[in-house]
Amino acid sequence: MNEVVLVTGGNRGLGKAFVEEALARGARKVYAAARDPRSVSTPGAVPLALDVTDPESVRRAAAEAPDVTVLINNAGITTDSSLLHGDLDDIRREFETNFFGTINVTRAFAPVLAANGGGHVLDVHSVLSWISQGTSYSSTKAAVWQATNAFRIELAAQGTKVTGLHVGYIDTDMTRGIDAPKTSPQDVARQALDGIEAGAFEVLADELTRTVKRGLSADPAALYPQLV
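With my numbering applied, the sequence shown has no gaps in its numbers, which climb one by one up to 1158 at the end.
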């Protein structure tokens, strides 16, 4: 993998797995971006200060990393807020990070990717892009999915390819309290980088995600049995 990779939220969880996998594949350089670059612990990674919700921080990061050829939009949060009853400030915070953060970073690095030959963008979605658990997190990921579709069309003109990663439960701190089958972050990172190298439009990283996608053309009751 002869690329210069930048991973947002690259200090822990899936982001750290992305950083480690890119380095293992021989990437020329890997920027591990985080709000606090001191939290980056992966040997060989280049820590980079980046708050995806702060446009000035995003602009500085783009200026400090002008050699990026692969951008991985991984940073995200969840507050488990109900759209009907949850705190609107929590919901807005999720959208600022998950949706607008992805837009901020992609807009800032699009000219960088173009200057370096086109490159690639990977956006981390979720199976919850396609099915709701009744929380605002699902809504943010559905919005990111549509942003990815839009960027895929717009960035094609400059030769930038865009991949969307959809996955169910990953064995990270975010899902620590959930009792369900989980995929290791290392396995997800391997599948995602395989997808980048293959030029895939989408990567469906587990059977749950593949099952949900197959059900999208059915009546909503097929995905939501509680409606019956």
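Don't be surprised by glycine CBs; every beta carbon is placed ideally from N, CA and C.
Which listed residue (the options) has its alpha carbon closest to that of residue i
i: alanine 1038; options: Pro973, Val982, Ala1130; result: Val982
i: isoleucine 1033; options: Leu1146, Asp984, Gly1089, Val1142; result: Asp984
i: threonine 1036; options: Ala1005, Ala1152, Val1158; result: Ala1005
i: aspartate 1017; options: Thr938, Val1000, Thr1065; result: Thr1065
i: proline 917; options: Leu953, Val937, Glu951; result: The requested residue 917 is not part of the displayed model; the chain covers only 931 to 1158.
i: threonine 1141; options: Ile1007, Ile1002, Leu1058; result: Leu1058
i: serine 1114; options: Gly939, Val934, Glu951, Glu933; result: Glu951
i: alanine 1045; options: Arg1144, Leu1138, Leu1085, Val960; result: Leu1085
i: glutamate 1026; options: Val1042, Tyr1067, Ser1062, Pro1041; result: Tyr1067
i: glutamine 1063; options: Gly1047, Gln1076, Phe1029, Leu1014; result: Leu1014
i: glutamate 933; options: Lys1112, Leu1043, Thr1139; result: Leu1043
i: phenylalanine 1029; options: Ala1040, Asn1003, Pro1041; result: Asn1003
i: phenylalanine 1031; options: Glu1137, Leu1138, Ala1148, Glu986; result: Strictly speaking, residue 1031 in this sequence is glycine, with phenylalanine absent from that position. Selected option, being the one with the closest Cα: Glu986.
i: proline 1111; options: Ala1087, Gly1125, Thr1139; result: Thr1139
i: arginine 1022; options: Ser1069, Glu1137, Thr999; result: Ser1069
i: alanine 1087; options: Thr999, Gly1047, Glu1137; result: Gly1047
Whether residue i touches residue j by CB criterion (8 Å)
i: valine 976; j: alanine 991; result: no
i: isoleucine 1100; j: leucine 944; result: yes
i: alanine 1130; j: valine 1118; result: no
i: phenylalanine 1081; j: valine 1092; result: yes
i: methionine 931; j: glutamate 1127; result: yes
i: aspartate 1020; j: serine 1011; result: yes
i: valine 988; j: leucine 980; result: yes
i: glycine 1089; j: threonine 1078; result: no
i: leucine 1001; j: valine 1051; result: yes
i: threonine 972; j: valine 935; result: no
i: glycine 940; j: alanine 957; result: no
i: glutamate 994; j: threonine 1008; result: no
Sequence-distant residues of the same chain with beta carbon closer than 7 Å to residue i, five excluded per side
i: serine 1056; result: Lys1071, His1096, Val1097
i: arginine 955; result: Met931, Leu1123
i: valine 970; result: Gly940, Asn941, Ala962, Ala964, Pro977
Contact set for residue i: own chain, Cβ-Cβ below 8 Å, skip 5 residues either direction
i: leucine 1146; result: Trp1060, Leu1153
i: aspartate 1149; result: none
i: glutamate 1137; result: none
Contacting residues, own chain, Cβ-Cβ under 6 Å from residue i (five flanking each side not counted)
i: alanine 1151; result: Leu1157, Val1158
i: leucine 953; result: Val960, Gly974
i: arginine 1144; result: none
i: threonine 999; result: Glu933, Val934, Asn1046, Gly1049
i: glycine 1125; result: Thr1093, Val1133
i: proline 1155; result: none
**Asked** At a cut of 8 Å, does the region 1114-1128 reach the region 941-959 through at least three beta carbon pairs?
**Response** yes
**Message:** Report the start-end ranges of each beta strand (DSSP E) in the region 949-1015 that is 3 residues or longer and not cut off at the edges.
**Reply:** 959-964, 976-979, 1000-1003
**Request:** Go through the region 1031-1074 residue by residue and report every complete run of the alpha helix (DSSP H) that reaches 4 residues or more, in order.
**Result:** 1031-1045
**Message:** Runs of 4 residues minimum, wholly inside the region 1074-1151: which ones carry the alpha helix (DSSP H) assignment?
**Reply:** 1115-1128, 1137-1144
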